[in-house]
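Accompanying notes for the structure given below.
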Amino acid sequence: MLFTKDLKGRVSRADKGCVSTLAHTMMTAARTADSGLAGSGELDRYPYPEAPAGERAATRAWGGADSELGRASRRGSASRGRGLHGQLVQQLGQMIVSGDLGADRPLVPEEIGQRFEVSRTVVRESLRVLEAKGLVSARPNVGTRVRPVSDWNLLDPDIIEWRAFGPQRDDQRRELAELRWTIEPLAARLAAGHDRDDIQQRLADMVEIMGHAMGQGDTITFSRADAEFHALLIQAAGNRMLEHLSGIVSAALHVSGGPVTGCDRPGETSLAHHARIADALASGDAGAAEAAMRQLLVVHPDVERVVPAPREH
Numbered sequence: 003m004l005f006t007k008d009l010k011g012r013v014s015r016a017d018k019g020c021v022s023t024l025a026h027t028m029m030t031a032a033r034t035a036d037s038g039l040a041g042s043g044e045l046d047r048y049p050y051p052e053a054p055a056g057e058r059a060a061t062r063a064w065g066g067a068d069s070e071l072g073r074a075s076r077r078g079s080a081s082r083g084r085g086l087h088g089q090l091v092q093q094l095g096q097m098i099v100s101g102d103l104g105a106d107r108p109l110v111p112e113e114i115g116q117r118f119e120v121s122r123t124v125v126r127e128s129l130r131v132l133e134a135k136g137l138v139s140a141r142p143n144v145g146t147r148v149r150p151v152s153d154w155n156l157l158d159p160d161i162i163e164w165r166a167f168g169p170q171r172d173d174q175r176r177e178l179a180e181l182r183w184t185i186e187p188l189a190a191r192l193a194a195g196h197d198r199d200d201i202q203q204r205l206a207d208m209v210e211i212m213g214h215a216m217g218q219g220d221t222i223t224f225s226r227a228d229a230e231f232h233a234l235l236i237q238a239a240g241n242r243m244l245e246h247l248s249g250i251v252s253a254a255l256h257v258s259g260g261p262v263t264g265c266d267r268p269g270e271t272s273l274a275h276h277a278r279i280a281d282a283l284a285s286g287d288a289g290a291a292e293a294a295m296r297q298l299l300v301v302h303p304d305v306e307r308v309v310p311a312p313r314e315h
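For our numbering, count along the sequence shown from 1 and bump the result up by 2.
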């Protein structure tokens, strides 16, 4: 979970004019965490051991004006403070998903290392991560090559994000919206059948935090509480297979309309639907919980384009 694991404070409702201890702690944590984004050019700060002159001459350069890696490093990466290894995974992953490195394209570790000035170990570990995501394959006597889209793990949160901010953004956001329309109303219905006072209290806490954040124009805290709300809801469903899909929902919230927005830009309508879901779960009303979740998803413009508004029963 994003916040509640580390935050033990109870929400005080005695003074309606004051921000609760939990809300205040979350807002402070969100502002602190937001400063950890890595900017473009981070990879160039790390040295790569000089190869002998003969090796350098024999290795084709990737830094030319038209090379894929050269263009990627100039436009920056979406790394999120993951360290050198994570940054290289991000850059290469983005390049593959965007089509800059097309299917069957050979990836030579020495060339990547020289272009990004990173060690062979970093390159090797990064390629292993990409292989686990289905983006590349490594075979003896063949080397490492980019795999076709049909082999990618399209449910991987990183690939979801890379697609959502690349040339395939429209398709990715539509597919995410359709998938959420299937997953989350079901999770809400199932959650209503489980009497989990602890989770219900935490859901109510998240709604309160979202309300305080909205009043202060704090979109970062709003989106983080939003993500926590949806993760808690899937956890409350009591279905382990659904829990394995929680990363998809988290990624969808991250890419919905921008990096710091959730189901909707902070607004009264979105907040009211979250509150309706929490109330329905507290009362054990499965139908109301499912209907409220569908209403919430329709608030999101991406979902509205692909599904009809739910009928009121």
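For every residue, glycine included, the Cβ atom is placed at its ideal position computed from N, Cα and C. Fair warning: this is a prediction, and the values are worked out from it, not measured in the lab.
Using a Cβ-Cβ distance cut-off of 8 Å, the region 122-135 and the region 166-176 are not in contact, since fewer than three pairs of beta carbons, one from each stretch, lie closer than that value. Collapsing the DSSP output to three states places Pro111 in a helix.
Where Val125 is concerned, the enclosing alpha helix (DSSP H) starts and stops at 122-134. Secondary structure at Gly145: strand, using DSSP grouped into helix, strand and coil. In this structure, the beta-carbon distance from Ala290 to His275 does not fall below 8 Å. In this structure, Arg147 sits near Pro108, with a CB-CB distance shorter than 8 Å. By a beta-carbon distance limit of 8 Å, Leu244 does not contact Ile250. Their separation comes to about 10 Å. With contact defined as three or more Cβ pairs closer than 8 Å, the region 203-212 and the region 223-242 are in contact. One alpha carbon belongs to Gln93, the other to Leu103, and they sit about 11 Å apart. Residue Asp281 holds the alpha-carbon nearest to the alpha-carbon of Ala190 among Ile98, Asp281, Gly85.
Per DSSP, Phe167 lies in no alpha helix (DSSP H) segment and is marked neither H nor E.
With a cutoff of 8 Å on beta-carbon distance, Asp106 and Lys135 are scored as not near each other. Counting along the chain, Ala179 sits inside the alpha helix (DSSP H) bounded by residues 171-194. Listed as beta-bridge partners of Ala140 by DSSP are Thr146.
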